[in-house]
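This report concerns only the one structure given below.
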Amino acid sequence: MQNERKVKTILAVCSRIILGGVFVYAGYLKAVSPAEEFAYAIEGYKIVPVWAALWTALTLPWLELYLGLMFATGLFTRFCAAGIGALLLGFEVLLTQAWLRGLPVTSCGCFGANGSSSLAGEFAQNIALLVLAVLSFRHGAVFSLDSAVDRHG
Amino acid sequence: MQHTKTARKLVIASLLIFAATLTTLLARQLNLGPIRTVPPFRAFGPKTAEIQIYEYTDFACPSCQAAYLQLEEMLKLYNGHIALNFKHYPLVSIHKWSFHAAAYADCAGAQGKFQEYAALLFKNQELWGRAEKKPAEFFDYAKKLDLDLSAFEACSNKDETIKGVKLEMAEGDLKGVNATPTFFINRKRVVGTLQLLDAAKHFDNLLKK
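The listed protein sequences derive, respectively, from chains A and B.
Using the numbering used here, the letters of the first sequence map in sequence onto residues 3 to 155.
Using the numbering used here, the letters of the second sequence map in sequence onto residues 7 to 215.
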């Protein structure tokens, strides 16, 4: 029982750091690149008008960067896990509708201009990340800034 | 007690956000982000060359014309050791037809004649650069180079072509480019022909490394 809890905790902490790192990386790559680049990728999903795509491209990378950083360090862990989970679900909806409509999405926009795999590949990758988010939400609060503040606060 | 803890967490979160913002903005200014590649027809020299030059240029700018000639010489002189990547940065507020010129040059590039078309644009920039109406020269040069004119025109109206130029302008803005020609030589910013010549003096040192 004790061992099982230990394993869960280790897995959850690793999940938190990996998922947070992925979001920091994805957000950083897009934030240091022209917003238009990401906006063109968003336009490819044909779900929002051009102005909204640019607005999203200007804000989303920073949101990913901040959420990822707070999540990796374990600050407001459950809130960040929920936020990241919601973003991932949103991405899944976008990918699914693109697949159902047969849209020729050449770059998912996930990591800026870096090459992306097929829609199915991106979908599967997001599912894996969602699992990490759920794990971290449930058991990821140890070895975190949250626990440090709670202990010493 | 709970309020104090939450307040502390909020302070830490603010510090993290501040640090992340600062780092990212600095990375933008120091050109530390990923380098967007240019289409193959705008890349000259080996990809693995020791000296990597990214040039933001405008076909209607006289200094860019001078730089173009200098770079041609440098490519010959340091053959195999320099990679020149040509990026569009038309100064649309002062050069009315620069954007069109960039798009047409890319369309010539799609038919394998970027270099020749660019040379004609630079050489005759006085002619077309000050035109009131859309210059006929864009098509004249295409004819002169035996390009497929219908494909050339179709390409110039394509969303993809226009977006390509706009994206490079946005990339230039992000890197703080505000004059042409601006070069990034092994990521180091160099502005204008004089600075380019000055930087070229250190090429031998770069090759020794």
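Using N, Cα and C, we set each Cβ at its ideal position, and we do this for glycine too.
In this text, all values refer to a predicted model and were calculated from it rather than measured experimentally.
Cβ-Cβ separation, residue j to residue i (assumed contact under 8 Å), whole Å
i	j	result
tyrosine 62(B)	threonine 188(B)	5 Å
proline 40(B)	serine 35(A)	6 Å
glutamate 124(A)	cysteine 112(A)	6 Å
phenylalanine 65(B)	alanine 108(B)	7 Å
leucine 90(A)	asparagine 128(A)	5 Å
threonine 11(A)	histidine 141(A)	6 Å
arginine 14(B)	valine 151(A)	5 Å
valine 107(A)	glycine 46(A)	5 Å
leucine 90(B)	leucine 81(B)	6 Å
glutamine 216(B)	leucine 153(B)	Any property of residue 216(B) remains undetermined from this structure, which presents chain B solely from 7 to 215.
Counted within 10 angstroms of its Cβ, other Cβ atoms place residue i as buried (16 or more) or exposed
i	result
lysine 119(B)	buried
glutamine 4(A)	exposed
isoleucine 59(B)	buried
valine 17(B)	exposed
asparagine 192(B)	exposed
glutamate 174(B)	buried
aspartate 148(A)	buried
glutamate 39(A)	buried
tryptophan 53(A)	exposed
leucine 21(B)	exposed
arginine 136(B)	exposed
arginine 18(A)	buried
asparagine 85(B)	exposed
alanine 88(A)	exposed
alanine 25(B)	exposed
Within chain A, the residues that residue i reaches when beta carbons sit closer than 7 Å
i	result
alanine 26(B)	Leu67, Tyr68 and Leu71
arginine 34(B)	Val34
threonine 199(B)	Result: empty, since nearest Cβ-Cβ is about 26 Å, beyond 7 Å.
Under 8 Å from the C-beta of residue i: neighbouring residues of chain B
i	result
threonine 75(A)	Leu22
leucine 60(A)	None at all; the shortest Cβ gap to chain B is about 11 Å.
leucine 147(A)	Lys15 and Ile18
Under 7 Å from the C-beta of residue i: neighbouring residues of chain B
i	result
phenylalanine 139(A)	Simply none; closest approach about 17 Å.
Listed by chain order, chain B residues near residue i by CB distance under 9 Å
i	result
phenylalanine 40(A)	Within 9 Å Cβ-Cβ: nothing; phenylalanine 40(A) doesn't reach chain B, min ~11 Å.
Alpha helix (DSSP H) runs wholly inside the stretch 47–107 of chain A, at least 4 long, in chain order: 52–75 and 79–103
4 or more residues per run - each alpha helix (DSSP H) lying fully within the stretch 101–185 of chain B: 104–116, 120–129, 131–135, 143–150, 155–163 and 165–180
Proximal residues, the stretch 162–195 of chain B versus chain A, C-beta separation under 8 Å: Lys169, Lys172, Leu173, Ala176, Glu177, Asp179 and Leu180
Residues within the stretch 55–67 of chain B neighbouring chain A, beta-carbon criterion of under 8 Å: none
Chain-ordered residues of the stretch 77–102 of chain A with a beta carbon less than 9 Å from chain B: Leu77 and Phe78
Segments of 4+ residues assigned as alpha helix (DSSP H) that fall wholly inside the stretch 53–86 of chain B: 68–83
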